[in-house]
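S.K.: Got a structure here, written out as C-alpha cells. Questions coming.
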C-alpha cells in the first residue's frame, strides 16, 4: 500500500528561498531511491515560516530503508528544523465495496 510522509519544517526567518533551493537539488537524488514515487515542498501562503515536505512511497518499508540509508551532509548552515513527520496510508478507492 502506498504511503505519504509529511515533514513539518520550521524555517528560519528569511531562509525560505534557500530551503527551496536545497530541496530542488535533493529532489533529483530522491528519484533514484527504490520505492520513491513523488515529492512536493509546500510553501506557506500566509507569511508564516512553516513549510511541509511531502513524499509519496510505494510502501512503509521503502520509506524506512531510505531513512536508514540516507547520508545527511552538514556542510551548509542549518536553515530549518523538523517538527515531526506525519504518516498516512493512501486510500485505494478501487478496494472499497
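Numbering (the UniProt record's numbering), first residue to last: 1 to 97. Even glycine gets a Cβ: it sits at the ideal position worked out from N, Cα and C. All values reported here derive from a predicted model rather than from experimental measurement.
(1) Pick helix, strand or coil for residue 85, following the three-state DSSP scheme.
(2) Report the partner residues of residue 6 according to the DSSP bridge assignment.
(3) Take residue 99 as the anchor and find which of 12, 2, 1, 25 has the nearest alpha-carbon.
(4) Between which two residues does the beta strand (DSSP E) harbouring residue 23 extend?
(5) If the criterion is Cβ atoms closer than 7 Å, does the pair residue 94 and residue 1 meet it?
M.R.: According to the structure shown:
(1) strand
(2) 54, 86
(3) Coverage of the chain is limited to positions 1 through 97, which leaves residue 99 absent and any answer about it impossible.
(4) Careful: residue 23 lies outside any beta strand (DSSP E), inside the alpha helix (DSSP H) at 16 to 30.
(5) No, the Cβ-Cβ distance between residue 94 and residue 1 is not below 7 Å.
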